[in-house]
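*Asks:*
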Amino acid sequence: MDLFSCLSPFVFCSFASGSSGNCYYVGKQDEGILVDVGITAQQILKNLAQNDLSMFNVKAVLITHDHIDHVKGLEVLMKNHPVPIYAHADCLQGLAEGSATKKVDSALFREVETSQPFGLCGITIEAFPVMHDGRGAVGYHFDYEGHTLTIATDIGMLDKVVKEQIRRADNLVIEANYDVEMLEKGSYPYILKQRIAGPFGHLSNDESAKFVAEIYRPEMKNIMLCHLSENNNSPERALQCLYQQFRRKHVHPDVNTTIFPLPRHKSTGFVYL
Ligand SMILES: [Zn+2]
Ligand SMILES: [Zn+2]
1 MDLFSCLSPF VFCSFASGSS GNCYYVGKQD EGILVDVGIT AQQILKNLAQ NDLSMFNVKA
61 VLITHDHIDH VKGLEVLMKN HPVPIYAHAD CLQGLAEGSA TKKVDSALFR EVETSQPFGL
121 CGITIEAFPV MHDGRGAVGY HFDYEGHTLT IATDIGMLDK VVKEQIRRAD NLVIEANYDV
181 EMLEKGSYPY ILKQRIAGPF GHLSNDESAK FVAEIYRPEM KNIMLCHLSE NNNSPERALQ
241 CLYQQFRRKH VHPDVNTTIF PLPRHKSTGF VYL
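The sequence shown: position 24 = 24 (the working numbering), numbered continuously.
1. Using the beta carbon as the reference atom, which residues fall closer than 6 Å to any heavy atom of ligand 2, ordered along the chain?
2. Would you list the residues sitting across from Cys-13 in a DSSP beta bridge?
3. Smallest Cα separation from Ile-259: which of Glu-236, Thr-114 and Leu-62?
4. I need the straight-line Cα distance from Ile-215 to Asn-80, nearest angstrom please.
5. Check Met-55 in the structure and name its three-state DSSP category.
6. Since Leu-225 sits in a beta bridge, which residues does DSSP pair it with?
7. Taking 8 Å as the cut-off, decide whether the C-beta atoms of Leu-262 and Ser-17 are in contact.
8. Which complete beta strand (DSSP E) runs does the stretch 93 to 143 hold, if anything under 3 residues is left out?
9. Going along the chain, which residues of its own chain have a beta-carbon closer than 6 Å to the beta-carbon of Val-39, five neighbours each way excluded?
10. Name the residue from Asp-154, Ser-115 and Gly-269 whose alpha carbon lies nearest to the alpha carbon of Glu-164.
11. Can you grab the Cα-Cα spacing for the pair Met-78 / Gln-244, in whole Å?
12. What do you reckon, are the CB atoms on His-132 and His-65 nearer than 8 Å?
13. Quick one: does the C-beta of Asn-22 sit closer than 7 Å to a heavy atom of ligand 1?
14. Measure from the alpha carbon of Gly-226 to the alpha carbon of each residue in Glu-113, Asp-154 and Val-104, then state which is nearest.
15. Quick check: is any heavy atom of ligand 1 less than 7 Å from the C-beta of His-88?
16. Check His-70 in the structure and name its three-state DSSP category.
17. Under the three-state reduction of DSSP, which class applies to Ile-208: helix, strand or coil?
18. Here's the rule I'm using: 16 or more other beta-carbon atoms within 10 Å means buried, otherwise exposed. How should Ser-267 be labelled?
19. Does the distance from the C-beta atom of Val-161 to that of Pro-129 stay below 8 Å?
20. Going by DSSP in three states, Ala-152 sits in which element: helix, strand or coil?
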């Protein structure tokens, strides 16, 4: 068996992750979906090309919520390369009204209902509600021939629904937005600190690490920490925090589990799920 036949046919690629923009590719190597388009259309095309892809390979765009760091490139991208846009009804309403997205052709909108799985490119996709202050905020669970991925980003609090969706996945993209100490001591105004740390804001390193350590199974292939804050976190801190929680819970991650933070601006290349 050669190396390529051992690799999973289901891939993930992060083009950008963090408050300055989020954009992921999920699918097969010849066709897939973009999850969020929070970087410019030009940057998206460049990232696709770097991975031997183009918008020709992209069959749909899935949006998690209507915050600008998730939808910034939508209008220009859809003008030149229209594909169906899947999102929760409240998010679609937000897109229709948002200053950066109101010119997007609403004929492309496809409403996604939580807990109602649907299929795209042979992948079964299920949206689930998350606690966040964006409109129609959801996470997504993907299943392609038994290869599973959950994307759980922009979450103020891990409730039962989100926890269940994370437990189902062998591959996980989970938010680790801020380090509690850095946020507390940092220069953000009090009201913004409250928002970030509140139940409709973002997940801290601690919150996400504690949960990952609790649900970890050796079958897990990739644990990717996403949406790290530029000012209130660092990749080292986020990782350190996770390994600390592993030690506390006497969890020894399997050698086949890859754990890494997603870079803010750089492409990860294909991650085989
Ligand atoms: Zn965000
Ligand atoms: Zn957000």
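Virtual Cβ for every residue (Gly too), placed ideally from N, Cα, C.
*Replies:* From the atom records:
1. His-65, His-67, His-132, Gly-134 and Asp-154
2. Working through the sequence shown from its first residue, we reach residue 13 at position 13. Answer is Tyr-25, bridged to Cys-13.
3. The residue given as residue 259 occupies position 259 in the sequence shown. Nearest option by C-alpha distance: Glu-236.
4. Locating residue 215 in the sequence shown gives position 215, counting from the first residue. Locating residue 80 in the sequence shown gives position 80, counting from the first residue. Approximately 42 Å between the Cα atoms of the pair.
5. Translated into positions along the sequence shown, residue 55 becomes position 55. Helix.
6. If you number the sequence shown from 1, residue 225 lands on position 225. DSSP lists Ile-174 and Pro-261 as partners of Leu-225.
7. Taking the sequence shown and counting its residues from 1, the one referred to as residue 262 is at position 262. Taking the sequence shown and counting its residues from 1, the one referred to as residue 17 is at position 17. Taking 8 Å as the Cβ cut-off, Leu-262 and Ser-17 qualify as a contacting pair.
8. 109 to 112, 118 to 120 and 123 to 129
9. Here residue 39 corresponds to residue number 39 of the sequence shown, with the count starting at 1. Before going further, note that residue 39 is Ile rather than Val in the sequence given. For Ile-39, where only same-chain residues beyond five positions count, the Cβ hits under 6 Å are Ala-16, Gly-21, Cys-23 and Gly-73.
10. Along the sequence shown, read from residue 1 onward, the residue named residue 164 stands at position 164. Nearest option by C-alpha distance: Ser-115.
11. In the sequence shown, residue 78 corresponds to position 78, counting from 1. In the sequence shown, residue 244 corresponds to position 244, counting from 1. Those two C-alpha atoms are separated by around 43 Å.
12. The sequence position of residue 132 within the sequence shown is 132, counting from 1. The sequence position of residue 65 within the sequence shown is 65, counting from 1. Yes, Cβ-Cβ distance for His-132 and His-65 is below 8 Å.
13. By 1-based counting over the sequence shown, the position of residue 22 is 22. Checking every heavy atom of ligand 1 against the Cβ of Asn-22, one is found closer than 7 Å.
14. Numbered from 1 along the sequence shown, position 226 holds the residue referred to as residue 226. The sequence shown places Cys at residue 226, rather than the Gly named in the question. The option with the nearest alpha carbon to Cys-226 is Asp-154.
15. Working through the sequence shown from its first residue, we reach residue 88 at position 88. No, since every heavy atom of ligand 1 falls outside the 7 Å radius drawn around the Cβ of His-88.
16. Taking the first residue of the sequence shown as position 1, residue 70 is located at position 70. Helix, per DSSP.
17. Residue numbering aside, residue 208 sits at position 208 when the sequence shown is read from its first letter. Reading off the sequence, residue 208 comes out as Ser, not Ile. Looking at Ser-208 - three-state DSSP - the assignment turns out to be helix.
18. Along the sequence shown, read from residue 1 onward, the residue named residue 267 stands at position 267. That one is buried.
19. For this step, residue 161 is matched to residue 161 along the sequence shown. For this step, residue 129 is matched to residue 129 along the sequence shown. In this structure, Pro-129 lies closer than 8 Å to Val-161 by Cβ.
20. Counting from one through the sequence shown, the residue named residue 152 turns up at place 152. Ala-152 falls in the strand class under three-state DSSP.
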